[in-house]
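Right, one structure below, let's go through it.
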Amino acid sequence: MNKKTGKTNNRILLHLNGIRKTYQDGILKVHALKDINLEAERGELISIMGPSGSGKSTLLHILGCLDHPTQGQYYFDGENTATFDDRQLTLTRNKRIGFVFQSFNLLHRETALENVSLPLMYAGESGIQSKAQEALEKVGLGARLNHRPGQLSGGEQQRVAIARAMVKKPDVILADEPTGNLDSQVGKNIMRVFQQMHEEGMTIILITHNPEVAQLGTRLLKLHDGQLEE
Amino acid sequence: MTIMAVLSGIKVQMYEDLKQVGLDVVNVQLVPNLENLFIGPLVTEDTQWMQEQSKGGLLAPFRADMAVGANLENQQTLEFLILETTHEWGNIVPLNISEGRFIYKGETEFCVLDEWIADRFFPEGNAVGKELFINASEGIRNLTVAGVLKDPFEVRKKFDELDFAGSARSTLNRMLEFKSIYILGDFSEPHEPIHGAVIKVPKDIDALSTAKSIQKEAKRRDLPAIAWARSQWVDNVMRGADLTTQVAGMLWIVVLLVTSVMILTISLVAIRERYYELAVRRTEGARRLQIVSQLLLENMILSLTGGFLAIGLAHGAGYLLETRYLSWSPAFLPHEMALAIGLGAGLGALATILPAYRAASLDPVKILRIA
Ligand SMILES: Nc1ncnc2c1ncn2[C@@H]1O[C@H](COP(=O)(O)OP(=O)(O)OP(=O)(O)O)[C@@H](O)[C@H]1O
Ligand SMILES: [Mg+2]
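Note that the protein sequences, when read in sequence, are chains S and E. Letter 227 of the first sequence, counting from 1, is numbered 227 in the working numbering, and no numbers are missing. Letter 324 of the second sequence, counting from 1, is numbered 324 in the working numbering, and no numbers are missing.
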């Protein structure tokens, strides 16, 4: 392990082994994920497709260390995440995973620039302002730095969320339907951003409904009723 | 805070007022009942042992009598208390002279009026040098006014209700509240009855212990007299005032309790409103402790700003009260203000820390799913 960056040279970045996730919904048990096995190599762009309610978001939340599996092991860069405490989980989320939520999850009262600065602020980094600005310029929002989410279109908000995920230069970006609610032109713009990140060597896992978008991946997985198929 | 300052203000002002009654003066008085007033068991001779007990203090005996007086110029007649004493009275009791002076030695044809009587006999002012006639037990006398005193009992009347520990004394004082005229009396006869004496104890001698030893001696001689130090009376009144402020302080605590429950509810609701924001911060790398400390810091800044604003408002309210209703200035004592701000901030912090901890422990994904 490289002591300075905390990064290793493991070929396999994400490794899911026999993952199950069961939600207790009243007296009803919802099996959102049933025995998921997945290995993601560094630099891969994996697309995941699947109908609504098939467990895509659930899977991504587990990969993003936002949720714990009911059963099975999740190794992030060779380390079993079950052994992480709050500090380690937060640190991993903050520095090594960029998450683009299905519903953006931006802070409504803060500007685009402040939203993108957030993870850098918690990481205690320097030069926050210029890094955040650079990330926003990359997604084509150089002219919208001081707009609040309410003053931005859906596509622009999505791009702020993407900028926030990539600004910290994470090991992996997990994106939950980043083109979901957008028309095809805006969707294409956003896909170009992901394409570029992939070309720069970023590991990306992308959830989408759109087969065209899914074709961009180096690998396409299908999630069906909580089960993964190639 | 205004309440606190007003209460403290009363005490500060009170002590200033009360000091004027003379902290080094001991009063000796007959226990007030009809028998004593008529037969007069206390006589001029007794002043000798009193003086001995006071270790050489200055002493002035006094004798009180009802009298009728008249100003022949304006045909005004009044009924009042006539207080016979010696010229030393003026050297013993702190006098609040508004005109002229106290009677000098040997001025048997002079008198000193209190302001109330002066106002009625000589409504146009300048009472000094004027003449009036009084009809006392020895017959009609013609007296010249030497001076006018502000009512020496004014201060005491204001605070006597607070003298819980000396109600007999209070009764006495009330009897002496009659409007009075001071004249020089004849105290040369050893068996002439007197009603009491005032004694100024020498410097470095404790008035309270002097009063006690005089009291003891009076008991030994089987005399129905009570002796009390005016400083003791001041202490009692201050203690009474303390009790009153303590009761007010209790009210304060109740107010504080009610407020803190309100603050708790408000901060619970306020933090609940921010669950979404806090969840986003958690997913973006804020640790639990950072969330709690952020909320706490925000709350501290708010409470402290609020606290200083409150001090400002309290000063304003105090000033208003002072100009409109109070006869004393509210005292904003620094330690009391600090206590109030500290309590406010402490309560705020307590009311924040629990909901903040709760918010930080919630699963951000669940919150974001709902939002
Ligand atoms: N916290 C929860 N409590 C109960 N059930 C849940 C919870 N979260 C998800 N589920 C259920 O788990 C299943 C998978 O949900 P998930 O959000 O992963 O689906 P999805 O594939 O992302 O769907 P979509 O494409 O509509 O976003 C659904 O049936 C959902 O109702
Ligand atoms: Mg989903």
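Glycine included, C-beta positions come from ideal geometry on N, C-alpha and C. Fair warning: this is a prediction, and the values are worked out from it, not measured in the lab.
**Study point:** Minimum C-alpha distance to residue 50 of chain S - residue among S:177, S:188 and S:149
**Key:** Taking the first sequence and counting its residues from 1, one reaches residue 50 of chain S at position 50. The candidate whose alpha carbon is nearest that of residue 50 of chain S is S:177.
Exercise for review: Tell me whether residue 269 of chain E is buried or exposed, calling it buried when 16 or more other Cβ atoms sit within 10 Å of its Cβ.
Suggested key: Translated into positions along the second sequence, residue 269 of chain E becomes position 269. Per the 10 Å Cβ criterion, exposed.
Point to revise | Sequence-distant residues of its chain with Cβ nearer than 8 Å to residue 20 of chain S (five each side left out) | key: Here the question's residue 20 of chain S lines up with position 20 in the first sequence. Closer than 8 Å at Cβ, skipping near neighbours: 31, 33, 34, 35, 36, 69, 70, 71 and 72.
Point to revise | Within the stretch 123-177 of chain S, ranges of the alpha helix (DSSP H) (whole runs, at least 4 residues) | key: 128-138 and 154-166
Exercise for review: Anything in the stretch 68-97 of chain S with a Cβ closer than 8 Å to a Cβ of chain E? List those residues in chain order, please.
Suggested key: 86, 87, 90, 91, 93, 94 and 95
**Study point:** Given residue 8 of chain E as reference, the closest of E:69, E:343, E:238 and E:228 once Cα atoms are compared
**Key:** Position 8 of the second sequence, counting from 1, holds the residue named residue 8 of chain E. For the residues E:69, E:343, E:238 and E:228, the minimum Cα distance to residue 8 of chain E belongs to E:238.
Review point. Is it right to say residue 217 of chain S is buried, meaning 16 or more other beta carbons lie within 10 angstroms of its own, or is it exposed?
Key: Residue mapping note: residue 217 of chain S aligns to position 217 of the first sequence, counting from 1. When all chains shown are included, residue 217 of chain S counts as buried.
Point to revise | Proximity of residue 6 of chain E and residue 318 of chain E at Cβ, strictly below 8 Å | key: What you label residue 6 of chain E is simply residue 6 of the second sequence in a count that begins at 1. What you label residue 318 of chain E is simply residue 318 of the second sequence in a count that begins at 1. Yes, these two residues count as a Cβ contact at 8 Å.
Check your understanding: Which residues in the same chain have their Cβ closer than 6 Å to the Cβ of residue 230 of chain S, if we skip the five residues on either side of it in sequence?
Key -> Residue mapping note: residue 230 of chain S aligns to position 230 of the first sequence, counting from 1. Excluding residues within five positions, none has a Cβ falling inside 6 Å.
**Study point:** Cβ contact check for the stretch 199-217 of chain S and the stretch 40-60 of chain S: 3 or more pairs under 8 Å
**Key:** yes
Check your understanding: If you measure beta-carbon to beta-carbon, which residues of the stretch 120-131 of chain S are closer than 7 Å to chain E?
Key -> 122 and 123
Check your understanding: Would you say residue 29 of chain S touches ligand 2, meaning its beta carbon is less than 7 Å from a heavy atom?
Key -> The residue labelled residue 29 of chain S in the question sits at position 29 within the first sequence. No, Cβ of residue 29 of chain S sits at least 7 Å from all heavy atoms of ligand 2.
Check your understanding: Since residue 175 of chain S contacts residue 145 of chain S with CB under 8 Å, what's their CB separation in whole angstroms?
Key -> For the purposes of this step, residue 175 of chain S is identified with residue 175 of the first sequence, where counting begins at 1. For the purposes of this step, residue 145 of chain S is identified with residue 145 of the first sequence, where counting begins at 1. The Cβ separation is near 22 Å, so there is no contact.
Point to revise | Supposed close pair residue 11 of chain E, residue 241 of chain E - CB separation, criterion 8 Å | key: Taking the first residue of the second sequence as position 1, residue 11 of chain E is located at position 11. Taking the first residue of the second sequence as position 1, residue 241 of chain E is located at position 241. Between residue 241 of chain E and residue 11 of chain E the Cβ distance is about 6 Å, and since that is below 8 Å, they are a contact.
Exercise for review: Please list the partners that residue 118 of chain S has in chain E, where partner means a Cβ-to-Cβ separation under 9 Å.
Suggested key: Looking up residue 118 of chain S in the first sequence gives position 118. Simply 280, 281, 284, 285 and 286.
Check your understanding: Does at least one heavy atom of ligand 1 sit under 7 Å from the Cβ of residue 23 of chain S?
Key -> For the purposes of this step, residue 23 of chain S is identified with residue 23 of the first sequence, where counting begins at 1. Result yes, Cβ under 7 Å from ligand 1.
**Study point:** With 16 other Cβ atoms within 10 Å as the buried cut-off, status of residue 308 of chain E
**Key:** Locating residue 308 of chain E in the second sequence gives position 308, counting from the first residue. When all chains shown are included, residue 308 of chain E counts as exposed.
Review point. Taking just the CA atoms, how far does residue 105 of chain E sit from residue 128 of chain E?
Key: Counted from its first residue, the second sequence places residue 128 of chain E at position 128. Counted from its first residue, the second sequence places residue 105 of chain E at position 105. If I take the Cα positions, the gap works out to 17 Å.
Exercise for review: List the endpoints of the continuous beta strand (DSSP E) containing residue 141 of chain E.
Suggested key: By 1-based counting over the second sequence, the position of residue 141 of chain E is 141. Run containing residue 141 of chain E: 139-149, per the beta strand (DSSP E) assignment.
Exercise for review: Tell me where the alpha helix (DSSP H) around residue 344 of chain E begins and ends.
Suggested key: To locate residue 344 of chain E, count along the second sequence from 1; it is residue 344. Run containing residue 344 of chain E: 334-361, per the alpha helix (DSSP H) assignment.
Exercise for review: Identify every residue that forms a DSSP beta bridge with residue 323 of chain E.
Suggested key: On the second sequence, residue 323 of chain E is found 323 positions in, with the first residue counted as 1. Per DSSP, none; premise fails for residue 323 of chain E.
Point to revise | DSSP three-state assignment for residue 10 of chain S, whether helix, strand or coil | key: Counting from one through the first sequence, the residue named residue 10 of chain S turns up at place 10. DSSP places residue 10 of chain S in coil when its eight states are reduced to three.
Point to revise | residue 193 of chain E in three-state terms, based on DSSP | key: Looking up residue 193 of chain E in the second sequence gives position 193. Residue 193 of chain E: strand per DSSP, three-state reduction.
Exercise for review: Could you list which residues in chain E have their beta carbon closer than 7 Å to that of residue 107 of chain S, in chain order?
Suggested key: Counting from 1 along the first sequence, the entry for residue 107 of chain S is found at position 107. Going along chain E in sequence order, the residues near residue 107 of chain S (Cβ under 7 Å) are 277 and 280.
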